[in-house]
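> Got a structure for you, questions after.
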Amino acid sequence: PMLAMYKAGSFDEALDKAEALVELGGFGHTSVLYTDQVKSRDRIEKFGERMKTGRTIVNMPASQGAIGDIYNFKLPPSLTLGCGSWGGNSISENVGVKHLINIKSVAERRENMLWFRVPEKIYFKFGCTAEALRELKTMGKKRAFVVTDRALYKMGFLNPIVKTLEKNGMAIKIFSDVEPDPTLEVARKGAEEMNSFKPDTIIAVGGGSPMDAAKIMWIMYEHPEVRFEDLAMRFMDIRK
């Protein structure tokens, strides 16, 4: 066999070279670090985080250490070693008896709780918008921030809304820069305008894009400490 040796000026440089070699040789199999296990725990941790291998072994030869039992008792004894999705395998550990067992799962039907949350008041039918807006006056609202898209604004769909709000004696600010599938940048821009205008009412006019954008702006306006990215969830929670 032929072994290659690479020199490095520092441990971080050695990590970079080792990471590149794993990539060139093939992700997923085994990486080895020789170091002082007592004094260099930080190096072991950094090496384990950087190497994309199913096995990271310390102070033992790769071929004998990776198969388990001879140099360590952490890895199950096996001559078939998985490389995980990095290496195109279905598993990333040492293949053993458990991987050869067919396990059946019987699942009975169970459904999640359903929960439907709606606003306190919903106005519908022809002509309801003006009535709903007039009620803002009885609620003591003074400043309305209207969110819409350019098309609806240019076609004059906001004119009746603006007239009703003006009759209520309310100050009005229109944000019409919402695009189809609005980005967070659009929402941040709208939130900045909200911060300068200080509305006590937010009105979204249009389809899903203006409404979604207005909701995000609302969160950023009332809770500036919240990062929108942190609100994302992998699975839907119906109560959020």
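So the sequence shown is numbered by the working numbering: it starts at 1411 and just counts up by one.
Each residue gets a CB set at the ideal place from its N, CA and C atoms; glycine is no exception.
Can you say whether alanine 1428 is buried or exposed, counting buried as having 16 or more other CB atoms within 10 angstroms of its CB?
Counting Cβ neighbours within 10 Å, alanine 1428 comes out buried, since at least 16 surround it.
> With the cut-off set at 7 Å, would you say alanine 1642 and alanine 1623 are in Cβ contact?
No, the pair does not count as a contact, with Cβ atoms beyond the cut-off.
> Skipping 5 residues on each side, what residues in its chain have a beta carbon closer than 8 Å to that of glutamate 1603?
Closer than 8 Å at Cβ, skipping near neighbours: Phe1555, Lys1583, Phe1585.
> Can you name, in chain order, every residue of its own chain whose Cβ lies under 6 Å from the Cβ of asparagine 1469, other than the five neighbours on each side?
Around asparagine 1469: Tyr1444.
> Do the region 1496 to 1504 and the region 1513 to 1528 make contact, defined as three or more Cβ pairs closer than 8 Å?
They do not touch, by the three-pair rule.
> Cβ of alanine 1472 within 7 Å of Cβ of valine 1442?
Cβ distance < 7 Å, so alanine 1472 and valine 1442 count as in contact.
> From this set, Asp1446, Ala1418, Asn1578, Gly1478, which residue's C-alpha is nearest methionine 1549's C-alpha?
Among Asp1446, Ala1418, Asn1578, Gly1478, the Cα nearest to that of methionine 1549 is on Asn1578.
> Please report the distance separating the alpha-carbon of arginine 1560 from that of glycine 1566.
Rounded to the nearest angstrom, the two C-alpha atoms are 10 Å apart.
> Go to tyrosine 1420, then tell me how far its beta strand (DSSP E) extends in each direction, as first and last residue.
The question names tyrosine, but residue 1420 in the sequence shown is serine. No beta strand (DSSP E) holds serine 1420; DSSP gives it neither H nor E.
> What does DSSP give as the partner residue(s) for arginine 1553 in the beta ladder?
Beta-bridge pairing links arginine 1553 to Ala1581.
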